[in-house]
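Undergrad: Residue numbers (mature numbering (1 follows the signal peptide of the UniProt record, and there is no 0)): -22 to -1, 1 to 200. Below is the structure I would like to discuss, written out as structure tokens.
This is the structure in structure tokens:
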């Protein structure tokens, strides 16, 4: 009986850790800026990934539980609370910003993506699959990146993808826009499910440095 009780406690602890981790990730905006140290975080994500693949994507329809409306590309926490003695002009600006965030929170419809593997840089080669866990919006249009940071206008690039686990955190989720006309470098996690899950997706065209850095990391050590 004691061993069963301990097992239940351990499982509950793992569940709480998983939910807390998902909520923590949901509060991470999910984008990367090409600052001086960007390669460090990129390299850490590369090392943790089960696989790294060059892919193209196509729309594969809605998720099984219907359409999900959410932010595009990153979670926007909106403006800070209004100061107590704010002027009328400041209050009007604040209300306008809140309306903008509300509209942005429904700008993307998350769906499924059919993933076509072009090349494997790390891990076992994968057959094409339908990504049904990560939130992706596939568009038949040029990539939207680089994006503008919502606070200071800095150029940022899409990185981490959100999924159903993060949807448990007060809806603090976003759908990654991916273009059917572009190629992407995706990091995958392979667990007990038959299909991998995309955790990160980086634009792999000439304007972005991610593919070149991944090829460097994938080279065997001398």
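Note that CB positions come from ideal geometry on N, CA and C, so glycine has one too.
1) Near residue 186, which residues of its chain fall below 7 Å by C-beta distance, leaving aside the five closest residues on each side in sequence?
2) Is residue 51 buried or exposed, if buried means 16 or more other CB atoms sit within 10 Å of its CB?
3) If we ignore side chains and look at the alpha-carbon of each, how far apart do residue 39 and residue 68 end up?
4) Taking the alpha-carbon positions, what's the residue 193 to residue 71 distance?
5) Less than 8 Å between the CB atoms is what I'm expecting for residue 34 and residue 96, so what's the real figure, rounded?
6) Grab me the residues of residue 138's own chain with a C-beta within less than 6 Å of its C-beta, minus the 5 sequence neighbours each way, in chain order.
7) Is residue 13 buried or exposed, if buried means 16 or more other CB atoms sit within 10 Å of its CB?
8) So is residue 194 in contact with chain B if we call contact Cβ pairs under 8 Å?
9) Taking the beta carbon of residue 29 as the centre, do at least 16 other beta carbons fall within 10 Å, making it buried, or is it exposed?
10) Let me make sure I understand the geometry here. Which of 74, 196, 159 has the alpha-carbon closest to that of residue 165?
11) Check whether the Cβ atoms of residue 37 and residue 151 sit closer than 8 Å, and answer yes or no.
12) Following the continuous alpha helix (DSSP H) through residue 71, name the residue where it begins and the one where it ends.
13) Considering Cα atoms alone, identify which of 61, 99, 156 is closest to residue 114.
14) Within the same chain, show all residues whose beta-carbon is closer than 6 Å to that of residue 121, passing over the 5 residues directly before and after it, in chain order.
15) Considering only C-alpha positions, which residue in the set 190, 173, 16, 66 is nearest to residue 90?
16) Whose C-beta lies closer than 7 Å to the C-beta of residue 109 among residues of the same chain, with five residues either side of it excluded?
17) Here's the rule I'm using: 16 or more other beta-carbon atoms within 10 Å means buried, otherwise exposed. How should residue 64 be labelled?
TA: Quick answer:
1) 135, 180
2) buried
3) 43 Å
4) 46 Å
5) 6 Å
6) 8, 178
7) exposed
8) Checking the listed chains, one finds no chain B in this structure; it contains a single protein chain.
9) buried
10) 196
11) no
12) 66 to 82
13) 156
14) 157, 160, 181
15) 173
16) 90, 91, 93, 176
17) exposed
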